[in-house]
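Note sheet for the following structure.
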Amino acid sequence: MPAVTGDANCRAASAELTDGAQIHDLAWWKENGLATKSFPRTDWYLFPTLVARGLRFELPYQERLKRVGAELGRRLHEHDMRWWDKQLEEYQALPIWKDFAAPWVAAVTVAGGQPRDYPFWLLTARSMQYAWGGNVGMQLIKEVADNIAGHRGVIINTRTAESLGIGDGDAVEIATPQRAVRGRAVLRQGIRPDTLLLIGQFDHWATPFAKDFGVPSLNTLATMSLDLTDATGSGADIVRVKIAKTEEKAA
Amino acid sequence: MTRWAMIADLRRCVGCQTCTAACRHANATPPGVQWRRVLDMEFGEYPDVQRAFVPVGCQHCDDPPCMDVCPTKATKKRADGIVTIDYDLCIGCAYCAVACPYQARYKTEKALFAYGQPTVSEAKRQDDAQLAVATKCTFCVERIDAGIEKGQQPGVDPEATPACVNSCIANALTFGDLDDPHSNVSQLLAENQHFRMHEELGTGPGFYYLWDKAVAAGSRVQPTPTGGARP
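Chains as they are written, first to last, in this note's numbering: chain A, 1 to 251; chain B, 1001 to 1231.
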């Protein structure tokens, strides 16, 4: 930093900190190193108490999360509310490894299916072209979005599709034990063999133009379930599904 | 002399389609007619796979095959390298669309609108001269010519630069004069490895693709995405 600029910065900073009472130049700071100003004890918050009792600050995520979970659990149990107990277990300081897939696989059984019959992870993704969907009624946006793979159907790994007899553009049915949607297969290399991707969530759109897209949505297949709801009150957009080629007219 | 050319940096293009939308707006082309398109391509097989977004369109060739097959001389090449179509001379035979190895040409038989009936804007901008004739990317030649008349520099001054280049959010597209060794495009070609599409056909495209930094003299020869090799 040039000396002239440094000198100006020193003067400005010291003036600001003292409301103009003290204006120190670079030479002053070089000689003194630091300056102090009074800070009311009432502004110290809990620090004096922490020092007096020999305490330290709690770790923001680890300890605070565990404490909040314990506090929340006590408040709920005081009112005999037990339906959040499973989620309360997630308020952990240092979570151990857990089987993330298990809740979704178990959900298949709860829905009356056999997990082995629903081997795919169906995911969704935001579309760069549609962003939050406010432009979904514009023909130009659909036209350019369709240039990007996946906007016309469900993305499936090429080799997986071949093993199922599904070709690019074929009509397919994606199903859970409870529901099914139909669309067209988009074969790509850049996706895991056990994963399917449906971009966008437009099958419930009722406004002109967008209501006629004819592209299936993960939302239709996803189940609202407390078992799949995490401690944040949210859940991942994941569904265990099966996929098969279907008759052409149905797409 | 001047040789207008475009460069697409494949390391920078994110496939957002803004250039395609900007081109359609600037040139009022009908639905589905994308003079500037961006392909969504994959290379390799899972799990060793790469994705590339590749802007395409008329390559404004040195030796354009579309011009040679035109029975009415509607397609011409200007001294500055821009390939043009005279809609008054074009009879819509589409020989050029077949001859073009870049699939850059379109032909629209009847007026098309985004929602069936024309919007106010579409009605105002509808150009019947572009019906039943060949159309393609013009490098926004009207902007270039008007800009030069005003003393502006195409590729530098936005008003004189193709709409797709102006709109690019990633600075992936560059336009400039190849004959000027100090121009933006000449500098980019000097500093980077590049290729042109279907170089083997001898069309001499005025559209270059950058894909990596230049290799220092004496370094190992690296393969290009098209299978050829460049030092």
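Every residue, glycine too, gets a C-beta built ideally from N, C-alpha and C.
Query, Result
"Around the C-beta of Val-1232(B), are 16 or more other C-beta atoms found within 10 angstroms, so that it is buried, or is it exposed?", "Nothing about residue 1232(B) can be read from this structure; chain B reaches only from 1001 to 1231."
"Could you tell me whether the Cβ of Thr-207(A) comes closer than 9 angstroms to any Cβ of chain B?", "no"
"How big is the Cα-Cα spacing for Val-1221(B) and Val-136(A)?", "Bear in mind that a pLDDT of 46 at Val-1221(B), under 50, signals an unreliable position, so the number given afterwards is only what the model happens to contain. Cα to Cα, Val-1221(B) sits roughly 47 angstroms from Val-136(A)."
"If the cut-off is 8 angstroms on Cβ atoms, which residues from the segment 139 to 169 of chain A count as contacting chain D, listed in chain order?", "In the displayed structure, chain D is absent; the protein chains listed are A and B."
"For Phe-1053(B), name the three-state secondary structure that DSSP assigns.", "strand"
"Determine the extent of the alpha helix (DSSP H) in which Tyr-1095(B) is found, giving its start and end residues.", "1095 to 1099"
"Within its chain, find whatever has a CB closer than 7 angstroms to the CB of Ile-141(A); leave out the 5 residues flanking it on each side and keep chain order.", "Gln-129, Tyr-130 and Asn-135"
"Taking only beta-carbon positions, decide if Arg-1130(B) is within less than 9 angstroms of chain A.", "Checking the displayed sequence, the identity of residue 1130(B) turns out to be Gln instead of Arg. False, the Cβ-Cβ gap to chain A never drops below 9 angstroms."
"Kindly indicate if chain A contains any beta-carbon less than 9 angstroms away from that of Tyr-1208(B).", "no"
"Any idea what DSSP makes of Phe-47(A), helix, strand or coil?", "helix"
"Expressed to the nearest angstrom, what Euclidean distance is found between the alpha-carbon atoms of Arg-41(A) and Leu-34(A)?", "21 angstroms"
"Check each residue of the segment 1006 to 1030 of chain B: if its Cβ is closer than 7 angstroms to any Cβ of chain A, include it; give the result in chain order.", "Gly-1015, Cys-1016, Gln-1017, Thr-1020, Ala-1021 and Arg-1024"
"Under a CB-based cut-off of 9 angstroms, is Val-1038(B) close to chain A?", "yes"
"What would DSSP say about Ala-101(A), mapped onto helix, strand or coil?", "coil"
"Just how far apart, CA to CA, sit Pro-216(A) and Gln-92(A)?", "38 angstroms"
"Can you tell which of Val-1098(B), Thr-1203(B) and Ala-1104(B) has the C-alpha that lies nearest to the C-alpha of Gly-1032(B)?", "Ala-1104(B)"
"Going by DSSP, which residues form a beta bridge with Gly-1044(B)?", "Val-1049(B)"
"Determine the closest residue to Asp-117(A) out of Lys-242(A), Glu-248(A) and Leu-17(A), with distance taken between C-alpha atoms.", "Lys-242(A)"
"Pull up the distance between the alpha-carbon of Ala-1190(B) and that of Ala-1129(B), whole angstroms please.", "41 angstroms"
"Assuming Arg-30(A) is part of the alpha helix (DSSP H), what are its boundary residues?", "The amino acid at residue 30(A) is misidentified as Arg; the sequence shows Lys. Counting along the chain, the alpha helix (DSSP H) containing Lys-30(A) begins and ends at 26 to 32."
"What residue range is occupied by the uninterrupted beta strand (DSSP E) comprising Glu-173(A)?", "171 to 175"
"Cα-Cα, which of Glu-1042(B), Pro-1030(B), Cys-1013(B) and Ile-1091(B) is closest to Arg-1125(B)?", "Pro-1030(B)"
"Name the two residues that bound the continuous beta strand (DSSP E) containing Leu-1210(B).", "1207 to 1213"
"Whose C-alpha, out of Cys-1023(B), Leu-1010(B), Gly-1015(B) and Ala-1005(B), is nearest the C-alpha of Ala-149(A)?", "Gly-1015(B)"
"Measuring CB to CB, does Ala-1097(B) end up less than 9 angstroms from Tyr-1087(B)?", "no"
"Determine the closest residue to Ser-225(A) out of Arg-182(A), Gln-62(A) and Lys-86(A), with distance taken between C-alpha atoms.", "Lys-86(A)"
"Which residues in chain A have a C-beta closer than 7 angstroms to the C-beta of Glu-1042(B)? List them in chain order.", "Arg-188, Gln-189 and Gly-190"
"Check whether the Cβ of Tyr-1046(B) lies closer than 9 angstroms to any Cβ atom in chain A.", "yes"
"Let me know the secondary structure DSSP gives Lys-37(A) once reduced to three states.", "coil"
"With distance defined between alpha-carbon atoms, name the residue in Ser-1167(B), Cys-1070(B), Gln-1059(B) and Phe-1175(B) nearest to Arg-1024(B).", "Ser-1167(B)"
"When you compare each of Thr-1138(B), Ala-1052(B) and Val-1165(B) to His-1060(B) by their alpha carbons, which one comes out closest?", "Thr-1138(B)"
"Spatial neighbours of Trp-104(A) within its chain, please: CB distance less than 6 angstroms, with the 5 preceding and 5 following residues excluded, ordered by chain position.", "Ile-238 and Arg-240"
"Select from the segment 103 to 128 of chain A all residues with a C-beta closer than 8 angstroms to any C-beta belonging to chain B, and list them in chain order.", "Met-128"
"If you reduce the DSSP assignment to three classes, tell me which class Asp-1145(B) lands in.", "helix"
"Along chain A, which residues have their Cβ under 7 angstroms away from the Cβ of Ala-1114(B)?", "Gln-139 and Leu-140"
"What number of angstroms, rounded off, separates the C-alpha of Ser-1183(B) from the C-alpha of Thr-1002(B)?", "11 angstroms"
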